[in-house]
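Counting from 1 along the sequence shown, just add 344 to a position and that's the residue number in the working numbering.
Quick reminder that beta carbons are idealized off the backbone N, C-alpha and C, glycines included.
Just so it is clear, the structure is predicted and the values come from calculations on it, not from any experiment.
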Amino acid sequence: MATIVVFDDEPSFLARIHQLIEQEAPQDGARTILMAENLNELRDILASGTHIDILVADINMPEGQPSGIDVVRGMFPPTSGTQIIYTSGDLWQAPEVYATQHLYFLLKPIDPSKLHEALERAYAALPQAKPDMLRIKCGHKDRLVNASHIHYLESNLHKVLVHCGSKTYTTYARLDDLQNQLPAYFSRCHRSYLVNLAYVRSFEQLEMQLHDDTLIPVSRRRSRQVQHDLLAYLATMEG
345 MATIVVFDDE PSFLARIHQL IEQEAPQDGA RTILMAENLN ELRDILASGT
395 HIDILVADIN MPEGQPSGID VVRGMFPPTS GTQIIYTSGD LWQAPEVYAT
445 QHLYFLLKPI DPSKLHEALE RAYAALPQAK PDMLRIKCGH KDRLVNASHI
495 HYLESNLHKV LVHCGSKTYT TYARLDDLQN QLPAYFSRCH RSYLVNLAYV
545 RSFEQLEMQL HDDTLIPVSR RRSRQVQHDL LAYLATMEG
């Protein structure tokens, strides 16, 4: 069952594309279709633990809000496994989508045959394996967190803060134990920090900057290993 989320601030477009997706998705493509009119609704979908398989994202958003491209860059790195389809009413924005990994650009009003082709590509590109999940205990409850949505983990006394963009989970655990459960695209850059390399914008010898401008310290002892990890990660993305 694939989960398709449409991120667009126009209610009339959401209603129309919901109908089109039902008509144009591959016949053997079981699906759940969810709508997000703004960034908070999109965050709520992710915070619920839902893995978004296909995101149909409008580039143009209201003034003061990040564009669809910015949202993809900050929340859906290639490691997420989410297949990205962009939409826009402006053809001149088509080149901008190459700032992020994506499958298709759809010009509004949506051509049903183009949507059909985009969805076929997205279904074909869906990873066969389930996304990596981190199991943590929050209070008395167990929670599964999609590893690709974690920006970084921060050890603070006997607690670990799991930072997922605007959402942070607190668990009583050892950072070493959580690191053993996470995929190779996480790098231990400091005794107290473990960072998802997919969200790294820049790296200097003793500091990393993430795409949301968060600064993460890098210890001298670990700096060379972090550089090796980052280069190895970038090589896998280019491959």
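From residue i to residue j, what distance separates their C-alpha atoms?
i	j	result
V562	I396	32 Å
L463	L488	28 Å
D402	P421	17 Å
D520	L575	23 Å
C533	Y448	35 Å
I560	E381	32 Å
A469	A346	12 Å
H362	R564	52 Å
S567	L550	7 Å
Y537	L435	42 Å
S432	H502	47 Å
A359	Y430	17 Å
A517	N500	10 Å
M477	T580	20 Å
E354	L522	41 Å
V504	Q525	14 Å
Pick helix, strand or coil for residue i, following the three-state DSSP scheme.
i	result
Y529	coil
L399	strand
H555	coil
V415	helix
S392	coil
L451	strand
L505	strand
P439	helix
F547	strand
P422	helix
T580	helix
P561	strand
Q445	coil
Going by DSSP, what residues sit across from residue i in a beta bridge?
i	result
Q523	BP columns for Q523 are empty, so no partner.
A469	Partner(s): none; A469 has no beta bridge.
T376	T347
K481	D486
H534	Y537
Y496	H507 and V539
I428	L399
Once the 5 residues before and after residue i are set aside, which same chain residues still bring their CB inside 7 Å of it?
i	result
S510	R387
L364	I454, P456 and L459
T394	T347
A369	R375 and L463
In chain order, what residues of the same chain lie with their CB nearer than 6 Å to the CB of residue i, ignoring the 5 residues before and after it?
i	result
L399	V349, T426 and I428
G408	none
S411	I403 and M405
Less than 7 Å between the CB of residue i and some heavy atom of the ligand HEM, yes or no?
i	result
H446	Summarising the ligand content, the structure contains no ligands, and the ligand HEM is consequently not present.
Skipping 5 residues on each side, what residues in its chain have a beta carbon closer than 8 Å to that of residue i?
i	result
H495	H507, C508, G509, V539, N540, Y543, L554, D556 and T558
R417	A443, T444 and H555
Do we get a CB-CB distance below 8 Å when we pair residue i with the residues of chain D?
i	result
S424	In the displayed structure, chain D is absent; only one protein chain is listed.
Query raised in the report: Pairing CB atoms from the region 535-555 with CB atoms from the region 385-405, are three or more of them under 8 Å?
Result: no
Query raised in the report: Between the region 441-460 and the region 371-380, do at least 3 Cβ pairs fall closer than 8 Å?
Result: no
Query raised in the report: Does the region 452-469 come close enough to the region 484-498 to have 3 or more Cβ pairs within less than 8 Å?
Result: no
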